[in-house]
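Below is one structure; the comments refer to it alone.
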Amino acid sequence: AAYNEVPTSDASVSSSSSHGSRVSGGPAAAMGCGKMRRLCRESSTHLLRKTVSVMNFFARALLYGSVVAMIIGVVWYSRELKLNGTDPHLIAWFSAGAFVLLGFPISLCG
Numbered sequence: 688a689a690y691n692e693v694p695t696s697d698a699s700v701s702s703s704s705s706h707g708s709r710v711s712g713g714p715a716a717a718m719g720c721g722k723m724r725r726l727c728r729e730s731s732t733h734l735l736r737k738t739v740s741v742m743n744f745f746a747r748a749l750l751y752g753s754v755v756a757m758i759i760g761v762v763w764y765s766r767e768l769k770l771n772g773t774d775p776h777l778i779a780w781f782s783a784g785a786f787v788l789l790g791f792p793i794s795l796c797g
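Per this note's numbering, the sequence shown starts with residue 688, numbered consecutively.
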């Protein structure tokens, strides 16, 4: 008895199969293989979503942490410049430049 080719309704199976939209093997083999592929696709999709979610969380935490650290650094360094007798206009230029640079990552987020 020869095995019949069974059509599948799974788009990813049909695109990866060498026979086009058909999978070789008996009906029982096709059903087991289809269930296995569906299970693998669902678990990998869940893992991918979880990974992207974790990456987004860390990216936002890094962005906000960097912004806060830069603001604190600008204020602290401006204070140090003032305590060491630097001209006020130079302190203002430094602070303005730092806040202009701070605008770049903020513009990427929004």
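For each residue, glycine too, the CB sits at the ideal point set by N, CA and C. Owing to the predicted nature of the structure, the values given are computational and were not obtained by experimental measurement.
{"Check": "Please report how far the alpha carbon of Ala748 lies from the alpha carbon of Ala779, in whole angstroms.", "Outcome": "29 angstroms"}
{"Check": "Less than 8 angstroms between the beta carbons of Leu768 and Phe781, yes or no?", "Outcome": "yes"}
{"Check": "Quick one: any contact between the stretch 787-797 and the stretch 747-763, if contact means 3 or more CB pairs under 8 angstroms?", "Outcome": "yes"}
{"Check": "Where does Gly784 fall in DSSP's three states?", "Outcome": "helix"}
{"Check": "For Ser740 and Thr732, what's the separation of their Cα atoms in angstroms?", "Outcome": "12 angstroms"}
{"Check": "With a cut-off of 8 angstroms on the beta carbons, I'd call Val761 and Phe786 a contact; round off their distance for me.", "Outcome": "7 angstroms"}
{"Check": "Take Arg766 and list the residues in its own chain whose beta-carbon comes closer than 7 angstroms to its own, dropping the five residues that flank it on each side.", "Outcome": "none"}
{"Check": "Note down the Cα distance separating Arg736 from Cys720, rounded to an integer number of angstroms.", "Outcome": "24 angstroms"}
{"Check": "Could you tell me the distance, in whole angstroms, from the CA atom of Cys727 to the CA atom of Gly784?", "Outcome": "52 angstroms"}
{"Check": "Return the CA-CA distance between Ser708 and Arg724, expressed in angstroms with no decimal places.", "Outcome": "Low confidence applies to Ser708: its pLDDT is 47, below 50, so where it sits in the model is not reliable, and the reading given next is rough at best. Straight-line Cα distance between these residues: approximately 15 angstroms."}
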